[in-house]
Amino acid sequence: MKKILCLVLSLCVVAAMVFSLTACDTEDDSDVIKIGSIHPLTGSMAYEGQAFVNSQKIAVDKINAEGGINGKMLQLKAVDSLGTAGGAATAAQKLINMNVCALTGTYTSGSAQVVSRTAEKFSVPFVVTVAASETLLTNGYKYSFRIQPSTVGFSSNFIEYIPYIKTDDMKTVAIIYEDSNYGTGIAEYIKSRIDETGLEIIGMLPYSAKASTLSAEVTKLVSLDPDILIPVGYYSDQNMLAKELIDRNITFPAIIGVANGAFSDAKFTNTYGTQADGFFDINYRYNPNSEETEYLLREYRERYGEEIPVCAIYGYESIMVIADALKRAGTTDHEALRNALAETNMTEHLLPQGAIIFDEAGENINSAGVLIQIQNGKQVIVYPKEYAEGEIIFEKESDS
Amino acid sequence: MNMQFFQAFLDGTLMGGVYALAALGLSLIFGVMKITNFAHGAMMTVGMYAVYVVSTSLGISPYIALVFAAITLFALGYIIQHFLIDKISDAPTHNQLLLTLGVAYILENGLLAVFSPNYKTLNVDDFDGAIQLGAISISPEKLVAFAVVLIVTAVIYIVLYKTRIGKAIRACSQNKEGAKLMGIVIKKTNAVAFGIGALCTGIAGALLTPILSIYPTLGETFQLKCFVIAILGGMGNLWGALISGLIVGIVESLTGYIAGGSWSDLTVYAAFILILLVKPSGLFGRSNRREH
Amino acid sequence: MPLLSVQNVCKYFHGNKAVDDVSLEINKGEIVGLIGANGAGKTTLFNCLTGYYKATSGKIVYKDKRIESLKPHIICRMGIGRTFQIAKPFGDLSVLENVAVGAYNKCKTKAEAYDKARQCIIFTGLAGKEDTNAGTLNTGEQRRLELARALATDPELLLLDEVMAGLTPTESQEMVELIRNVKDQGVTILMIEHIMPVIMALSDTVYVLESGRLICKGSPEEVSQNTQVIESYLGKSQEA
Amino acid sequence: MNTKNFNRITLTALLLVAVLFPFFADFYILCIGISVLIAALLGQSWNIMSGYAGQFSFGHAVFFGIGAYTSTTLYTMFGVSPWLGMIIGALVAALVGAAIGFLSFRYKLRDDYFALATLAFAEIFRILVNNTSALGGATGILIPYLVKPSEYQFASDKTYYWVILALVAFATVFIAVMSKSKTGLNLVAIKSNQEAAAALGVNVLKYKLIAISSSAFFAALAGTFYAQYYGFIDPSIVFASSISVEAIVPCIIGGSGTLYGPLLGALLIIPLQEICNSLFTSISGINMIIYGVLIVLFIMFCPDGIYGRMTKYISKRKGN
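Chains as they are written, first to last, in this note's numbering: chain A, 33 to 432; chain B, 607 to 898; chain C, 4 to 243; chain D, 6 to 325.
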C-alpha cells in the first residue's frame, strides 16, 4: 500500500508541473502574426542555428518597420530543436500550438524530415531555411517548401560550372567530404555524373566532421595528387583542412569546394587573407547587386558584431517568402497561406537567381549555387555572369 | 615505406602526444577516485576557451596563456571534486557517471551562453607555415605541443613520485583504507588529484587551440578517445597513457591515410573493445583484475 | 570412499604460492576443521574447491567426479554449498527472497521454493524476519542468513568460512548448536575457523595450513598437541 | 479497506487516467506525453539490465537503433509491415544484446568498463550503418507517408499515444512479473553480489544474458515506434549517445531497480526539460545549463531517485 501511495503522491507532483506547462505560452494576441522558427540553438550546430534566428529577426523587424502585413505585426517565435529529431518534432507541435502561421527551419536534415512530416500532419506550411538532403521533399508533402538548393542542386551546379574552370590538362579528381548526410550526398552525386565532365575520380575520402585532425587525409591527397580537389564539409573541419593545405604549402591545380562551410565564410578569409586565394566554392550566396543584401549585411554586422554566415541569408529570405505569401493570401489561415506559397513568384529577393517559384514538390525551381573564387582575400562571385563580381583568375602565381 | 606513409605516421605521433596528455588526466582521476569522468571533454573545452580569452585579451602568445588555462582547470577540477563528487563517493557507479554528465552539460552550455556558439580561431603569430624537411613537413604548433606534452608528463611524474602530495595521491590510488590509516587526508588528496587531472586535460585543450577552430561542444569529440587511451594504457598508469596515446594517434592517422577518416574511429573503438575483453588491465598494466 | 578428495592442489598468484600441494579427504557425515594463520591460504583453498579460482595444478574429486574446472554454480548444484568470510546478503531483497534464491536451485515451483526457504529460515532461527530487508540485519543475523541460504540449496557438503567471525559469545554458542543440528541432518561440513574452542568442540578431523602448505592433520586433540602447530600457529596467535 | 484492494483500485484508476489522457490534452501536451512514454519505455528497458541486474549500459542506443533500422529497412525494402518488423527488430536486438553480453560478461567486464564497452559498441554500429549504403548510409531512410494503421501509421497522434502506452504497459507488466519470479530474484542477487549468487547455484552468465536480451528487446520496440512516429531515421539520430542518455536519466531520476521509477522519472524529466526550453529562451544554452543543474541536484540529494526517496521517507515515518 505504501508503495502505491508513493506512486500517487509523486504523480500528483508531476501532474502539477505538467499543468503549469500548459499555463505558459497562452498569451492572447490576435493582432500579431506569429512565425515559428526551429533551429539548433544549443549543441554542435548552435552557431549556424543562432545565425538563422538572428537573420530572421532582422527580416521581421524590417517588415514591421514598413508597416507589417496588412496592418498586423510579425512576431518570430524561435524554439531550440536541441539538434535532435525528437526535439524538432516537439518544437514544431509547440509552435503550432502557439498558432504560428508557418514554420521555418531546421538546418539539420534529420530535423527537417521530421518537421516536414509534422507540418503535413497538422497542415501547417513549412519553409525550409537550410536542409540539403535530396530526399526531403520526395514524400509528396503538400505543405513543405524549400528555397535553397539540395545536395543534388549543388552537385548539378558543379557539373554545370566545371567547364569554366577546367583546363585541358586537368584529368583527375579527388573528393574529400564529411561523412554525414550532406557531404556524402554531394560526393555520391558528383561521382554518379562525373563522366559528363570528362574527368576521372581517383579518390573518395570520407571523414568524420568531428575529426580532431585531417593531417592523414591531406597526406593521402598529396600522394593521390589529383588535378582537382573537391572538399565538402562544415566550417570547423574544412577550416582545419585549409589550414593544413596552406601551412604545408600544398597546392593542386584547382580546389573547388561544393557547399563548403568554410570557403564562403567571411571568418575564413579574415583568418587566411590572401593565403587562400584561388580557392573556388560552389555555394549559396547573396546577390551582390541587391540593395537588400547590403541592408542585411550591414544590419547583421551592427546588431551582432560579426559577419553573417552565408547560410543565414536563407533565414532572412524564408521570412520574406512567407511575408510575401501572407500579403497575397490576406489571411493567416494555413490552407490559404499554403496555396499562396505554392503560387509564389517572387522577383525581388537577395538570392543570385531568377524568381523564386516553387514546383509541385515544393522545390524552388530557379535555386542555384554560384561559383565563388577567393581573390585578394575576398570571396568573389565569378559565375553566372549576371551576378559576377569579377573574372576567374587562373593559375594563381605562387611566389612562396 | 614511402614518404607519405612516414608523414602520416609522424602526424599521428604528434597528435597522439596531445591525446595522451588529455587521457593522462582522465587516467589519473580514475586511478585515484575510481570515477569515469564524463565531463572530461567539456573540461578540455574550458581549457581551450581559457587560452583563447587570455591570449586575445592580453595579446600574448597562447603558449604563455597556457599557464592560465592550467591554473583555471586545476581550480575547476578541485572544486568539482570537493563540492560535488566527494559528496557522493559511496553512491553506485551510475550515479557518479550521471553526475559528471550533468557537470558536462553545465560546462558546455555555460561556454555557449558566455562566448556564443561562434567558431573562434586563434592565429598564432609565432609560426609561419610548416617546417619542411625534404618531402616531410612538420606543423610547428604540433611539434611544440608534443614537446610541451613531454615536459608536462615529466613534471607530473616528478610531482607524483617525489613530492609529499604526490605520494599521498599514489597511496590513495593503491589503497584508500591504508592511506587513511597513514594519516593522509583523503578528501584533500582526492581534490588535488582531480585538479591535476583536470589540469592535464586543460593543457591538452590549450595546445590544440592554435590548431583547431574552437566551439563549445568541441571537447565531446575527444571524450571517447580519452577513455580508449586511458584504458589501453591501464587506468592510473602514467606511462601507459602516454604510450597508448601515441598508439591511438598513429593508428588513427594511418587508418585515415589508408582507408579514409570515416574508418579511423571505427578502428580505434574496435581495438578498444578487443583490449577490454582480452586484457582489461591495459596493454601495460599488470593483471590486477579483482578476483573476488 | 571419501565424499571429497583434494589431491596435490596448488594455486599460484603471480608466482606466489597461495596454496601449495595440499591434499585432504573428507568423509561423509564428518565435520572437518581447517585452521591456519591469516594468509595461510584457507580461503584460497575454499575458492578453488568451489570453482571461484581454477587450481594451478592438482585434482579435486567430489563423489567420483573431477570438479576443479567447473563453474561455481555447477558445483553448487552438485551439492557443495558455501558461506563467505564476509557475509554477502543481497541488500535489495528481503530475508525470505534471499533464501529463496538458494532454494530455487532444487525446487521447481515458486511455492515449493518459498516453502523450502521458510523452513530454512525457521531452522536457522531467523523466524519473524522473513520480510525484513536483508541489508538491515545485524552481524549475527547476517551469519544465520548466509547459512540459511546455503542450506536452502540442499547441500551434501557445506563449506563454512569463519561463520563465527564478529559474533558475541552467546551468538557463537548458538551457532555451534546450529552447526551441530546441520550435521545431524546428514550434511558433511568443512569449516574454516579461528576460534580454537569452536574447532575443538565441533570437528572430527582438523587440518592445519601454514603458508599454503598442510603441516598437520589429526583429531583436535592430536593437533592441539602437535609442536609444529603450536609453534607456527597457536603460539603466534596467543602472542597476538 | 485491505491493502491489496486499495492497490488494485488505485492502479486501475491511474491506468484509466493514462488511457483517457489524450481526450483532455491538446496536441502539444499529447506530443509531450508521447515523448514521456518513449523515454519511459527506454527507461524501463534500461531498468531491467542496469536497475535490476546491475549491468550498467551506456550504449542503449545500439538496441534502439537496431530496432528502428530492422523494422524500417524491412518495410521500405521488402514491404514487411512494421508491426511484424517491430517484433523482428526486437528479436534481432535481443540477439545482438546477447552477443555483446556474451563477449563482455565472458571476459568479466564490470561497472565502468562494461559501460564504456557498450558506449563503444554503439559508436561502432553508428559508424558501420553510416557507411553502409544498402541501409541508406548517412542519408538515412525516409518512411513513406501513408496513413495506414496496418502499416503502423495513424491519422491521429492519439493512436500513437495508445500504442506507446501499450508498449510501456507491456514492459512494466513484464518487469512486475519478472521481478517476483526466480529470474527477478536472481538478477537482483547478481547485482548485489555475483559471487554469492553463484555460490547459491545461480548461473550468473545466463541470467546476465537474459537481462541484456530482454532489455535490448524493449529498447528496440522503442526504436521502431520512434521511426514510425517521426517517419525518418538516420544513424546520427537513432544511434546517438543522446538516446543512451535518455534511457539512463529517467531511470536514475525516478529510481533505478524499482518498478515505477522509470515511469516517474520520465514523467518528471521530459516536462522539466520542456519547461526549461520554454522559459529560458533569452540566452541559448541556459535551458541546458538548468537541465544539467537539475541532474546534479537530483544525484546529490535524491540518489535513490524520487520513488526510492519517497518509499524511504514513508517507511521512516511509519517506523517512528
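We put the CB at the ideal spot given by N, CA and C, even for glycine.
Pick from the options that is closest to residue i, judged by C-alpha positions
i: A656 (chain B); options: B:G784, B:P822, B:T873 and B:T795; result: B:P822
i: A23 (chain D); options: D:W167, D:Y212 and D:V301; result: D:W167
i: P320 (chain A); options: A:Y419, A:Q385, A:K252 and A:S240; result: A:Y419
i: E375 (chain A); options: A:I397, A:G119, A:L382 and A:Q385; result: A:I397
i: S40 (chain D); options: D:S76, D:I319 and D:I248; result: D:I248
i: G262 (chain D); options: B:H700, B:V659, B:I881 and B:L690; result: B:H700
i: C256 (chain D); options: D:S246, D:L268 and D:A245; result: D:L268
i: V24 (chain A); options: A:S247, A:S176 and A:S255; result: The requested residue 24 (chain A) is not part of the displayed model; chain A covers only 33 to 432.
i: G623 (chain B); options: B:V884, B:L872, B:G789 and B:L844; result: B:L844
Burial state of residue i (16 or more Cβ within 10 Å)
i: A130 (chain C); result: exposed
i: D134 (chain C); result: exposed
i: N302 (chain A); result: exposed
i: S155 (chain A); result: exposed
i: T8 (chain D); result: exposed
i: Y318 (chain D); result: exposed
i: T199 (chain A); result: exposed
i: T112 (chain C); result: exposed
i: H17 (chain C); result: exposed
i: M77 (chain A); result: buried
i: E210 (chain A); result: buried
i: N281 (chain A); result: exposed
Cutoff 8 Å; reference residue i; Cβ partners in own chain excluding five residues on either side
i: L863 (chain B); result: Correcting the residue identity first, residue 863 (chain B) is Tyr in this sequence and not Leu. Same-chain partners within the cutoff: Q610, F611 and A614.
i: M841 (chain B); result: S633, F636, G637, G888 and G891
i: D692 (chain B); result: K793, N796 and A797
Length of the line joining the Cα atoms of residue i and residue j
i: F426 (chain A); j: G141 (chain D); result: 39 Å
i: G42 (chain C); j: M167 (chain C); result: 18 Å
i: L210 (chain D); j: R152 (chain C); result: 20 Å
i: F26 (chain D); j: G888 (chain B); result: 53 Å
i: A58 (chain C); j: Y165 (chain D); result: 58 Å
i: V290 (chain A); j: I314 (chain A); result: 5 Å
i: W88 (chain D); j: T17 (chain D); result: 27 Å
i: E323 (chain A); j: V414 (chain A); result: 19 Å
i: D309 (chain A); j: F390 (chain A); result: 36 Å
i: Q385 (chain A); j: M378 (chain A); result: 11 Å
i: K113 (chain D); j: L882 (chain B); result: 10 Å
i: K793 (chain B); j: F61 (chain D); result: 27 Å
i: S737 (chain B); j: I744 (chain B); result: Note on identity: in this sequence residue 737 (chain B) is Ile, with Ser being the wrong assignment. Near 5 Å, if we compare the C-alpha coordinates of I744 (chain B) and I737 (chain B).
Same chain, Cβ closer than 7 Å to residue i, neighbours up to 5 away in sequence not counted
i: E897 (chain B); result: Its pLDDT being 35, under 50, E897 (chain B) is placed unreliably by the model, and nothing is read from it.
i: K104 (chain A); result: D63, V64 and I65
i: I202 (chain C); result: G36, I38, E196, V209 and P223
i: S430 (chain A); result: Here the model assigns S430 (chain A) a pLDDT of 45, short of 50, so the residue's position is not dependable, and the following value carries that caveat. Correct list, in chain order: T283.
i: R895 (chain B); result: Residue placement at R895 (chain B) cannot be trusted, given a pLDDT of 41 that sits under 50; what the coordinates show is reported in the next sentence. Within the same chain, R895 (chain B) has close Cβ partners P886 and S887.
Own chain residues within Cβ distance below 6 Å of residue i, not counting five before or after
i: G142 (chain A); result: A117
i: N292 (chain D); result: C281, N282 and F285
Partners in chain D for residue i, counting only beta-carbon separations shorter than 9 Å
i: N108 (chain C); result: L205, G206 and V207
i: F878 (chain B); result: L121, A122 and A125
i: Y55 (chain C); result: E200, A203 and A204
i: I820 (chain B); result: Those within 9 Å of I820 (chain B) in chain D number zero; the least Cβ separation is about 16 Å.
Chain A residues whose Cβ lies nearer than 9 Å to that of residue i
i: P149 (chain D); result: N171 and G172
i: S743 (chain B); result: D279, R280, N281 and I282
Residues that residue i contacts on chain B, provided the C-beta gap is smaller than 9 Å
i: Y74 (chain D); result: What Y74 (chain D) touches in chain B: nothing, since even the nearest Cβ is about 17 Å away.
Under 8 Å from the C-beta of residue i: neighbouring residues of chain D
i: D871 (chain B); result: E128 and I132
Neighbouring residues, chain C, relative to residue i (Cβ below 7 Å)
i: N191 (chain D); result: V104
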